[in-house]
Amino acid sequence: GSSDSSSPSTSPTFWNYSRSMADNAQMLRKFQYQPACRSQAPSAHKDDADLSSKQAAEEVWARVTMNRQLLDHMDSWTAKFRNWINETILVPLVQEIESVSTQLRRMGCPELQIGEASISSLKQAALVKAPLIPTLNTIVQYLDLTPNQEYLVERIKELSQGGCMSSFRWNRGGDFKGRKWDTDLPTDSSIIMHVFCTYLDSRLPPHPKYPDGKTFTSQHFIQTPDKPDTSNENVFCIYQSSINPPHYELIYQRHVYNLPKGRNNMFHTLLMFLYIIKTKESGMLGRVNLGLSGVNVLWIFGD
């Protein structure tokens, strides 16, 4: 990503959420001619696998839309969506982590460095220092994923570099301190899903049923061993049915939509979730508009 001062990621909008139309126009321009992000996967017997996976995907999508051309757009949607996550969530989050760490040092709390301190001491500090560092509590929500804070903060920084998360590995993460990634650490998919849900938590209005502020996560994300209630037609959620390797399914109006497994499963499942919101829910998630006037993510589908 470029670091020109008009970029939405350098403006404080991430933390006060009043994105102007000028920001939107800037954002759209920025992604108009982006080359698709290809992961460097070996392409030996890949074509057959790709074809059968494409047919499987077509069958799932056919249950959501009559548009047969939709899959031709999938690569470009995925690239735009990866860019959106990077620009809207990761880059501003990294900037805020660095800014708050500096504030904590200046306040004489070097033991509270983000990425070194435990999540529980950060939560405690967020309560005590709320008037001085109001965004610390927001950051804590993003980091409340694994006890290994050092790895998580480091990996979020790595993923935020280079525009379209080129270091993203769907079924693992990065090497850390000279040691190969292992399953005691979260996969990149888990990290991205968590920051996406946390971002939407921050955008949905508070709900008395969810005093912890996880309004989106509580209603729209379920992780094994919990199971979604597929008999309730109001359940609309992303269901992580497997942790390692990560696999996600979509539950909507009593149906399970299970897209092909593998490196794009999470992105494509989230795209289907957003596509349903755009085409069947008038762009609304509850009372929040995910289109231009709101979270501004639905533009990735074009018109």
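Going by our numbering, the first residue of the sequence shown is number 1155, and it counts up by one from there. Think of the CB as a built atom: it goes at the ideal place given N, C-alpha and C, for glycine as much as any other residue.
Same chain, Cβ closer than 6 angstroms to residue i, five either side skipped, listed in chain order
| i | result |
| --- | --- |
| GLN1373 | none |
| MET1228 | none |
| GLN1267 | SER1255 |
| PRO1467 | Examination of residue 1467 is not possible in this model, given that the chain is present from 1155 through 1457 alone. |
| LEU1258 | LEU1266 |
| LEU1535 | An answer regarding residue 1535 cannot be provided, because it is not within the stretch 1155 to 1457 covered by the chain. |
Sub-7 angstroms separation of residue i and residue j beta-carbons
| i | j | result |
| --- | --- | --- |
| LEU1444 | GLY1437 | yes |
| TRP1335 | ASP1329 | yes |
| ARG1408 | GLU1387 | yes |
| MET1319 | ASN1240 | yes |
| ASP1460 | LYS1363 | The first residue shown for the chain is 1155 and the last is 1457, placing residue 1460 beyond what the model contains. |
| LYS1311 | VAL1389 | no |
| CYS1351 | PHE1375 | yes |
| VAL1144 | ALA1280 | As shown, the chain starts at 1155 and ends at 1457. That puts residue 1144 outside it, with no answer to give. |
| THR1300 | ASN1398 | no |
| ARG1417 | TRP1324 | yes |
| ILE1431 | LEU1439 | yes |
| ILE1243 | VAL1349 | yes |
| GLY1332 | ARG1309 | no |
| LEU1425 | TRP1231 | yes |
| TRP1238 | VAL1449 | no |
Per-residue burial, residue i [other beta carbons within 10 Å of its own, 16 or more giving buried]
| i | result |
| --- | --- |
| HIS1422 | buried |
| ASP1202 | exposed |
| VAL1245 | buried |
| MET1420 | buried |
| LEU1205 | exposed |
| GLN1209 | exposed |
| LYS1234 | buried |
| GLY1456 | exposed |
| SER1396 | exposed |
| ASN1221 | exposed |
| MET1181 | Reliability of the predicted coordinates at MET1181 is poor, the pLDDT of 48 falling under 50, and no value is obtained from them. |
| ALA1211 | buried |
| PRO1400 | buried |
| SER1133 | Only positions 1155 to 1457 of the chain appear in the structure, and residue 1133 is not among them; the question remains open. |
| PRO1414 | buried |
| THR1378 | exposed |
| SER1447 | exposed |
Own chain partners of residue i with C-beta closer than 7 angstroms, once the 5 adjacent residues on each side are dropped
| i | result |
| --- | --- |
| ASN1412 | VAL1214, GLU1403 |
| ALA1284 | ASN1291 |
| GLU1304 | GLY1269, GLU1270 |
Under the three-state DSSP convention, the category residue i falls into
| i | result |
| --- | --- |
| CYS1318 | coil |
| HIS1409 | strand |
| LEU1286 | coil |
| LEU1439 | strand |
| HIS1361 | coil |
| LEU1444 | coil |
| LEU1281 | helix |
| LEU1339 | coil |
| ARG1333 | strand |
| GLU1403 | strand |
| MET1181 | Residue placement at MET1181 cannot be trusted, given a pLDDT of 48 that sits under 50; what the coordinates show is reported in the next sentence. In the structure shown, MET1181 sits in a helix (DSSP, three-state: H, G or I). |
| SER1274 | helix |
| VAL1294 | helix |
| LEU1205 | helix |
| THR1369 | helix |
| THR1242 | helix |
| GLN1267 | coil |
| MET1220 | coil |
| ASP1355 | helix |
| TRP1324 | coil |
| TYR1187 | Caution is warranted here: a pLDDT of 45 is assigned to TYR1187, below 50, making its placement in the model unreliable, and the coordinate value is therefore given only provisionally. Of the three classes helix, strand and coil, the one that applies to TYR1187 here is coil, per DSSP. |
| LEU1225 | helix |
Where the beta strand (DSSP E) containing residue i begins and where it ends
| i | result |
| --- | --- |
| GLN1377 | 1375 to 1377 |
| SER1395 | 1390 to 1396 |
Residue i, enclosing alpha helix (DSSP H) - first and last residue
| i | result |
| --- | --- |
| ASN1237 | 1228 to 1239 |
| ARG1259 | 1245 to 1260 |
| VAL1451 | Premise fails: VAL1451 is in no alpha helix (DSSP H) and is neither H nor E. |
| ARG1309 | 1303 to 1313 |
| ILE1487 | Since the first and last residues shown for the chain are 1155 and 1457, residue 1487 lies out of range. |
Neighbourhood of residue i by C-beta, 8 angstroms cutoff - its chain only, sequence neighbours within 5 removed
| i | result |
| --- | --- |
| VAL1307 | ILE1251, ILE1268, GLY1269, LEU1297 |
Residue-chain proximity (residue i, chain D), Cβ-Cβ < 7 angstroms
| i | result |
| --- | --- |
| LEU1424 | The structure shown contains no chain D; it holds only a single protein chain. |
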